[in-house]
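Q: Be aware that the sequence shown starts at 9, since it is given in my numbering, and climbs by one per residue.
From the three backbone atoms N, C-alpha and C, an ideal C-beta is built for every residue, glycine too.
The structure is given below, and queries will be raised subsequently.
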Amino acid sequence: MSEIDPAFIQAPEYRPKLKVIETDEIPVIDLSNYTKEVVLEIGEACKTWGFFHVINHGVPLELLSRIKKTSKEFFDLPLEEKKLAKRDEVNPLGYHDSEHTKNVRDWKEVFDFLAKDPSLKEVFDFLAKDPSFVPASHEPDDTQLRTIRNQWPAHPSEFRDVCEEYAREVEKLAYKMLELISLSLGLPGLEQ
């Protein structure tokens, strides 16, 4: 057995706890009907647990299968091929395998992308408002902006389309959830 690179070894106080709390009480909320009861369930779950599991959320199960399949295909590629879409200091989007937590390298790979990759029209219409425009430096007086762009791998060929479709569906779900949580707090919904 070869030795583990010390860069991957967590200090004992940051390692996962071996004691696992098993429960079947985590709230499961069915989003198939938006009723007052669902809003109350969400409010109670947020107060009691801080999280909950949603079912019948509107994200097609077929799409969930496709995103899992195409992601696995990408991450199973040889490292050299994944690094063709590697992020860097200039563009923080793309493949990355050097995440750190508590100054220790994580045992994971990631692929970061913007849910909406701006077109030239968006660049002119929404210049500083678009999330793809970021400050050129950390200096407070620096007014320069730089553009960041999604960089997509050549393989698997459907990776980009599936990721973009999934992002659109999850964004819709996020807005639904924000509205329901707002209603549970007594705030107005999106349509009010």
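#1: State the Cα-Cα distance for the pair Pro-86 and Met-185, rounded to the nearest angstrom.
#2: Could you tell me whether the stretch 17-28 touches the stretch 42-52, where touching means 3 or more Cβ pairs closer than 8 Å?
#3: How should Val-98 be labelled, buried or exposed, when 16 other C-beta atoms within 10 angstroms of its C-beta is the threshold for buried?
#4: Could you give the C-beta distance for Leu-92 and Pro-35, rounded to a whole number, given that I count them as a contact under 8 Å?
#5: Ile-37 and Phe-60 look like a contact to me (Cβ under 8 Å); what is the Cβ gap, rounded to whole Å?
#6: Determine the DSSP secondary structure at Asp-105, reduced to helix, strand or coil.
#7: Would you please state the rounded distance, in angstroms, between the beta carbons of Leu-39 and His-65? I believe it to be under 8 Å.
#8: Give the straight-line distance between the Cα atoms of Phe-82 and Ile-17, rounded to the nearest whole angstrom.
A: With the structure as the only source:
#1: A direct Cα-to-Cα measurement between Pro-86 and Met-185 gives close to 38 Å.
#2: No, the stretch 17-28 is not in contact with the stretch 42-52.
#3: Burial is judged here by how many other beta carbons sit within 10 angstroms of a residue's own beta carbon; Val-98 has fewer than 16 and is exposed.
#4: Rounded, the Cβ-Cβ distance is 43 Å, inconsistent with contact.
#5: The C-beta distance from Ile-37 to Phe-60 rounds to 5 Å, short enough to fall under 8 Å.
#6: Reduced to three states, the DSSP call for Asp-105 is coil.
#7: Cβ atoms of Leu-39 and His-65 come within 8 Å of each other, at about 5 Å.
#8: So the alpha carbons of these two residues sit roughly 26 Å apart.
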